[in-house]
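To start, the structure itself, in C-alpha cells.
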Amino acid sequence: MPAITLPDGSQRNFDGAVTGTTIAQAIGPGLAKAALIMVVDGVEMDMSREISADATVKFITRRDEDALELIRHDAAHIMAEAVQALYPGTQVTIGPAIENGFYYDFYRNEPFTPEDLPAIEAKMREIVAANTPFTREVWNREEAIEFFEKKGERFKAELIRDLPGGETITIYRQGEWLDLCRGPHLRATGDVGTAFKLMKTAGAYWRGDSKNPMLSRIYGTAWRDQKELDAYLHQLEEAERRDHRRLARQMDLFHIQEEAVGSIFWHPKGWRLYRTVEAYIRRRQEEGGYEEVRTPQLVDRKLWEKSGHWDKYRKHMFIADVVEEESTLALKPMNCPCHVQIFRQGLRSYKQLPIRMAEFGSCHRYEPSGALHGIMRVRAFTQDDAHIFCTEDQIADETVRFVELLESVYKDFGFESFAVKFSDRPETRAGDDEVWDRAEGALKAACAQAGVEYTLNPGEGAFYGPKLEFVLRDAIGRDWQCGTIQVDFVLPERLDAEYVTSESGRARPVMLHRAIIGSFERFLGILIEQYAGRFPLWLAPTQAVVATIVSDADEYAQEVAAALQKAGLAVELDISNQKIQAKIRDHSLHHVPNILVVGRREAEERKVALRRLGGAAQEVMTLDEAVAQLTREATPPDLQRA
RNA sequence: GCUGUCAUAGCUCAGGGGUAGAGCACUUCAUUGGUAAUGAAGAGGUCCUGGGUUCAAUUCCCAGUGACAGCACCA
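For reference, each letter of the first sequence is one residue, going 2 to 643 in our numbering.
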C-alpha cells in the first residue's frame, strides 16, 4: 500500500504497486498527458516503472528545464535508429545529451559527411511522427554481450563487458530498434517533439583515447519547442559576429599568415590594446609586491633535462642547433626554470621570503596543428607569469593574496563570473605520493581560506604539482583556462633552489607558479569576444575620431586631434571628403567609442559635438571640456581608484 | 596529430573543362554636406602550391600546405 508524497506535501495512497502513469492519472488528466518522466525520491524513472513502497514523487513535464536533457538523450537514440536504418552495417557506440544538444558516435568505414545529415534528419522525423513507445527491459549480462556480438556491435558488447559487476543491464526498445541504456526515457518517440536539428559531423576517438579507432560523430541540437530552437540558432549567429578572428580583421588588430603559423602579427591598434593590458597588469603586480624580471629566450637543453621538461615535452619544444658549438638550445616553453636560476644567484635568507618574481615571458611551444585556434591557442605567446618562492607555511596566505588579485583584475576587465577547477595529481608525475599529499593538501587548505569554490578536475594537474585553473568562456561557448596557480615541491628540488633557515640550515622553498590572465594572446581573444569589439574606453584601440563636416573645419579638427593626442588618447582624424553621415557610419561600424564632430560652428566657437557610440544624441562642449572629460573616462579602473 | 569540410580581388562571396564575376573597400574626378551609406569613372586576380588526366585545367584526379569544425593534446 504505497503512500505517495507529492511536491505540495499532499499524500495519496494506492492499493499495491503503481506506475507513474497511474499516479499522474489519479492527480489529473492534464498532468497525465504532460508528464514525461517521474522523479522518485530524487531518482528519475520512466513513467511506466512501478512503485511498491512509500515514496516522494514529482513529475517532469515539457515546461521543466530538466526536460531538455531527456529530450536530447532520446533524440540521440532516435538518431542512432535513423542512421542504422539508412546505413546498414554502421555500429553504434554511445550518444549522450550535452549542453545545447546531443551527439552519437558511430563506427563506419566511411565517415559521415554534412551531406548525409538531411536524410538522417528526415528519417528521425519519421520515427518521431510514429510516436513509438520506449520500453525498458532488464537483461542478463552474458546474454546481452552475446546478443550484441552476434549483431556485430562490438563496441556495445565491450561497453557491457566493462560495466561494473553489480550493475543492472537495461535495454530500451523503440519499435524494432533497441539500445543498451541506463535510461530513463520519455514515454514514446513523439515526446521528443520536432524542435531539433542536426548540426555537424566530426571525428572522435573511441573512449576519448587517440590510440583507439576514430568514430564518426554527428552533433545535433534539440529544444522543447521551435521558439527555443530558433533562439538558439540565432544566438549562434550572434556569436559568430563576436568571433575574435572576424573582429580582428574588421578592426585591424592583428593577422596570422602561413609563414608563421601559430604566431601573431600585431597591427598598431591590436598592439595598443596589448600594451594597455600589459601596463595595467604591470601596475597591479607591482602594487601586489611582485618584482619584474626578464630571462633568456634560448636556453641550453641541459637545463630542460634537469627540470624534467625535456623528457616530457621535448616533442613540443622548438630546438635550435648551433653549428659552431656542440650545444643544443631550446626556445623556452615556459619561464620557471629560468626564474629558479635568478633565485639561485647568491644565498637567499628565509627573511626574504616570499619572493614574487614576475615576467611577461615570451614562450614557444610546438602545439599540434589541430589545436591551433585563432589567437586563443598559438605557438608563440606571452604569459603574465610569476613564481612565488615561499615556505610551506606561506602557501595559504600567498594563495589568498593571489586569488584576491585575480578576482579584482577579472572584475576590472568585466568578467564577473568564471569557473574554478582544482586539478589533482596526473598519472605520470614527478615527486612521490607524500609530496603530492602535501601539495594538494596545502592548495585545498588555501582554497578554504580564500573562500574559493571549485569543481574537481581529477588527474589534470601539472606533472610537478596540483593546480587551480580559472576558466573563462568565449563567445562560441568554449572554455579556456586563463588564470592558474600551481603548488610545486618538485622543481625546487630538481633545480636545487634553497634558502638559509633561521637555524642557519638549508631548506627548499616551495614554488607557486601563477598567472592571472594566462597568455596575453588568449586573454585578448576572449576580451575581444566579451565586448564584441565595443571596448570600454580605457581599452579601446581607437578611443576617439575627430570628424569634420566641411573642409573649412580641417585646421581646427587637426588642433582638436592634437589636443586629445597630447592628453594621451588614441585619436584619429577624419578629414576625408565624405558626408558626415558616412563618416559616422564608418567609425560606428568600427566600434569607435567617441566621435567628435566639428563643423563651421564648432570651429568658430572652439567647441566639439561629442557623439557616443550607439547613442543618437550629441553633446556640444568646449574643446577643453572634451579633453578633460575623455581623459577622465579613459583612465584605467585601477588608476581611477587611486 | 586524427576525421571531415574548405581554399577565386584587400574583405564577404558567386561561378565554372575554352585563361573570371558581384557587393563592400581602394584610386581619381565632381560634390562642402550637420550625426549610420553623394554620384560617376577607374584600378585591382599565378582562381593556395606541386604533379597527373586532357587538344585545353582555376574547374576533374592525386599529393602537399593552410584555414575551419570536432576529437586527442595543452608544462
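Every residue gets a Cβ at the ideal spot worked out from N, C-alpha and C, and that includes glycine.
Check	Outcome
With a threshold of 7 Å on Cβ separation, who are the neighbours of ARG509 within its own chain once the five nearest residues in sequence on each side are excluded?	PRO493, GLU494, ALA498 and GLU499
Considering only the beta carbon of each residue, do PHE382 and CYS364 sit closer than 8 Å?	yes
What did DSSP end up calling ALA68 once you bin it into helix, strand or coil?	helix
Per DSSP, what kind of secondary structure is ILE389 in: helix, strand or coil?	strand
Tell me where the alpha helix (DSSP H) around LEU671 begins and ends.	Outside the shown range of the chain, which is 2 to 643, sits residue 671, and nothing can be said about it.
Please state if the CB of ALA56 and the CB of ASP65 are separated by a distance shorter than 8 Å.	no
According to DSSP, is PRO369 part of a helix, a strand, or is it coil?	coil
Among ARG474, ALA447 and GLY452, whose alpha-carbon lies nearest the alpha-carbon of PHE419?	ARG474
According to DSSP, is ALA544 part of a helix, a strand, or is it coil?	According to the sequence shown, residue 544 is Gln rather than Ala. Residue state, collapsed to three classes: coil.
Any heavy atom of the ligand PLP closer than 7 Å to the Cβ of THR456?	As for the ligand PLP, it is missing from this structure, which has no ligand bound.
Of all the alpha helix (DSSP H) runs that stay within the bounds of the stretch 475 to 513, which reach a length of 4 or more residues?	492 to 495
State the start and end residues of the unbroken beta strand (DSSP E) segment that holds MET215.	215 to 223
Hey, LEU71 and ILE95: beta-carbon distance below 8 Å or not?	no
Taking the alpha carbon of LEU164 as the point to measure from, which residue in ALA145, GLU154, ARG174 and GLN175 has its own alpha carbon closest?	ALA145
Indicate the three-state DSSP secondary structure (helix, strand or coil) for ASP180 in the structure shown.	strand
Give the C-beta separation of GLU360 and ARG295 to the nearest angstrom, bearing in mind that I take them to be a contact with Cβ-Cβ under 8 Å.	6 Å
Can you give me the C-alpha to C-alpha distance between GLU179 and TRP224, rounded to a whole angstrom?	Checking the sequence shown, residue 179 turns out to be Leu, not Glu. When rounded, the distance between both Cα atoms is 23 Å.
In angstroms with no decimal places, state the Cα-to-Cα distance between GLY375 and PHE521.	13 Å
According to DSSP, what are the bridge partners of PHE266?	HIS256
Please state whether DSSP places LEU37 in a helix, a strand or coil.	coil
Report all residues from its chain with a CB closer than 6 Å to the CB of TYR220; omit the five preceding and five following residues, and keep chain order.	TYR104, MET200 and LYS201
Going by CA-CA distance only, name the one from PRO89, ILE24, ALA447 and ASN578 that's closest to ASP394.	ALA447
Hey, could you find the ends of the beta strand (DSSP E) ILE170 is sitting in?	170 to 175
Could you give the first and the last residue of the continuous beta strand (DSSP E) run that contains VAL324?	That residue, VAL324, is in no beta strand (DSSP E); it is neither H nor E in DSSP.
Taking the straight line between their C-alpha atoms, what separation do you get for VAL453 and LYS412?	16 Å
If the criterion is Cβ atoms closer than 8 Å, does the pair VAL491 and LEU513 meet it?	no
Report yes if the CB atom of GLY194 is closer than 8 Å to the CB atom of ASP226, and no otherwise.	yes
By Cβ distance, which residues of its chain are closer than 6 Å to VAL40, with the 5 residues on each side in sequence left out?	LYS59
Can you give the Cα-Cα distance for HIS591 and GLN251, rounded to whole angstroms?	7 Å
Among ALA563, ARG247 and ASP553, which residue has its Cα nearest to the Cα of VAL1?	With the chain covering only 2 through 643, there is no way to say anything about residue 1.
On the three-state DSSP scale, how would you describe TYR105?	strand
Can you name the residues that DSSP bridges to GLY362?	GLN384
Using the beta-carbon count (16 or more within 10 Å), is HIS245 buried or exposed?	buried
How close, in whole Å, do the beta carbons of PRO112 and GLY204 come, if the pair is a contact with beta carbons under 8 Å?	7 Å
Return the chain-ordered list of same chain residues with a C-beta closer than 6 Å to the C-beta of GLU575, the five sequence neighbours on each side being excluded.	Looking at the sequence shown, residue 575 is not Glu but Asp. Correct list, in chain order: VAL546, ALA548 and LYS584.
Among the residues of its own chain, which have a CB less than 7 Å from the CB of ASN132, if the five just before and after it don't count?	ALA189, THR190 and GLY191
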